[in-house]
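Colleague: This is the structure I want to talk about, given as structure tokens.
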Amino acid sequence: MPSVWAIGYVLLGLLLGSVLNLMADRMPLNQPLLARPRCPTCGRVLSILESCAWLRLGTRRFHAHRCALPEENRHVLVEVATAGLFLVAWMRFGPSWSLLAASFVLCVLVVVFVVDLEHRLVLDRLILPASVVALLSTAIQHDPWSAVIGGLVGLVLFGIFFGLTFLVYHQGLGFGDVKLALFIGLAVGWPIVLPSLAIGIFLGGVISLGLLLLRLVRRHSYVPYAPFLAMGAMVGVLYGSDIVRAYLSMYGWQG
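Just so we're aligned, residue 2 is where the sequence shown starts under this note's numbering, counting upward by one.
Put into structure tokens, the structure is as follows:
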């Protein structure tokens, strides 16, 4: 039954969410990804059950006598969010190559979101290999030119954006954001790269303005930008083709 497969895919998202948490914890510190997870309090090796934050919440009483693992809300949120993204991706694409490609991109974006939010880093060791995979995936699904043009648009637009913010503020975007825009362009292709980046820029501007008005940040405070780009790209991956078609139909063009 399709519903059974959908539930299975959501559960896969939950499990992969724990892997994404591990990547977000270890990659910024250059720690090995394949080492067994350990308790941050006592250092003991964790079981598979204990490695999944959402399972750990319901089974805390079974291992509290050994070591009270710290509450880590981010880990639970990442696992649940990944499962939610997988559910939406399944509903959008069904069992297909597009589903696998979208799921890969969404996983990369989740790690980018967390790492930049916590460490203010867009990691080359994540983005560069992912960009190669995205290029090949988009070329197979659509055509090589869609990926190449999308990547170039992301690179050029955010290269210009990077230069302008540096000239005006002497800071602002990091070059990691430019490489992230390149990855997004390669992953979603042309013309979906345009709404993907536009949504990210819009979210960044609105949320930054809100934080400024609420005096939670100062005018020249650093606000991580990659999380906004990641959110815009998630929308582009899942709904970008619909957005482009809706925009074209407004002008009587057929998408």
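The beta carbon of each residue, even a glycine, is placed where N, CA and C say it ideally should be.
Take S19 as the anchor and find which of Q32, A135, Y252, T83 has the nearest alpha-carbon.
Modeller: Here residue 19 is taken as the residue at index 18 of the sequence shown, counted from 1. When each option's Cα is compared against that of S19, the closest is T83.
Colleague: How do the stretch 231 to 250 and the stretch 194 to 204 stand: do at least 3 beta-carbon pairs fall below 8 Å, yes or no?
Modeller: They touch, by the three-pair rule.
Colleague: So what's A36 in DSSP terms, helix, strand or just coil?
Modeller: The residue you call residue 36 lines up with position 35 of the sequence shown. A36 falls in the coil class under three-state DSSP.
Colleague: Is the Cβ-Cβ distance between A231 and V113 less than 8 Å?
Modeller: In the sequence shown, counting from the first residue as 1, residue 231 sits at position 230. In the sequence shown, counting from the first residue as 1, residue 113 sits at position 112. Against a cut-off of 8 Å, the Cβ pair of V113 and A231 comes out as a contact.
Colleague: Counting only runs that start and end within the stretch 129 to 204, where is the alpha helix (DSSP H) found for 4 or more residues in a row?
Modeller: Fully enclosed alpha helix (DSSP H) runs of 4 or longer: 145 to 170, 176 to 189.
Colleague: With respect to the alpha helix (DSSP H) encompassing G258, which residues constitute its N-terminal and C-terminal limits?
Modeller: The shown model of the chain, from 2 to 256, leaves out residue 258, and the question about it has no answer.
Colleague: If you follow the alpha helix (DSSP H) that L215 is part of, which residue opens it and which one closes it?
Modeller: On the sequence shown, position 214 is the one that residue 215 refers to. Taken as a continuous stretch (DSSP letters only), L215 belongs to no alpha helix (DSSP H), as it is neither H nor E.
Colleague: Please report the Cβ distance between I208 and F229, rounded to the nearest whole angstrom; I am assuming they are in contact, meaning their Cβ atoms lie under 8 Å.
Modeller: Your numbering for residue 208 matches position 207 in the sequence shown. Your numbering for residue 229 matches position 228 in the sequence shown. Contact flag correct, Cβ pair sits at about 7 Å.
Colleague: Quick one: what does DSSP say P225 is sitting in, helix, strand or coil?
Modeller: For the purposes of this step, residue 225 is taken as the residue at position 224 of the sequence shown. Coil at P225, not helix or strand.
Colleague: Could you give the DSSP three-state label for V123: helix, strand or coil?
Modeller: Residue numbering aside, residue 123 sits at position 122 when the sequence shown is read from its first letter. Residue state, collapsed to three classes: coil.
Colleague: Cβ atoms of V77 and V115: under 8 Å apart, would you say?
Modeller: One-based indexing of the sequence shown puts residue 115 at position 114. One-based indexing of the sequence shown puts residue 77 at position 76. Not a contact, by the Cβ cut-off of 8 Å.
Colleague: Determine the direct distance from the alpha carbon of L215 to that of V261, and round the result to whole angstroms.
Modeller: Since the first and last residues shown for the chain are 2 and 256, residue 261 lies out of range.
Colleague: When you compare each of A36, I185, L30, A148 to L110 by their alpha carbons, which one comes out closest?
Modeller: Stepping through the sequence shown from its first residue, residue 110 is reached at position 109. With distances taken between Cα atoms, L110 lies closest to I185.
Colleague: Identify which residue in N31, A25, A7, S99 has its Cα closest to the Cα of S242.
Modeller: Looking up residue 242 in the sequence shown gives position 241. Ranking N31, A25, A7, S99 by Cα distance to S242 puts S99 first.
Colleague: Shortest alpha-carbon distance to L86 belongs to which of R75, N74, S97, F105?
Modeller: Locating residue 86 in the sequence shown gives position 85, counting from the first residue. Checked all of R75, N74, S97, F105; the closest Cα to L86 is F105.
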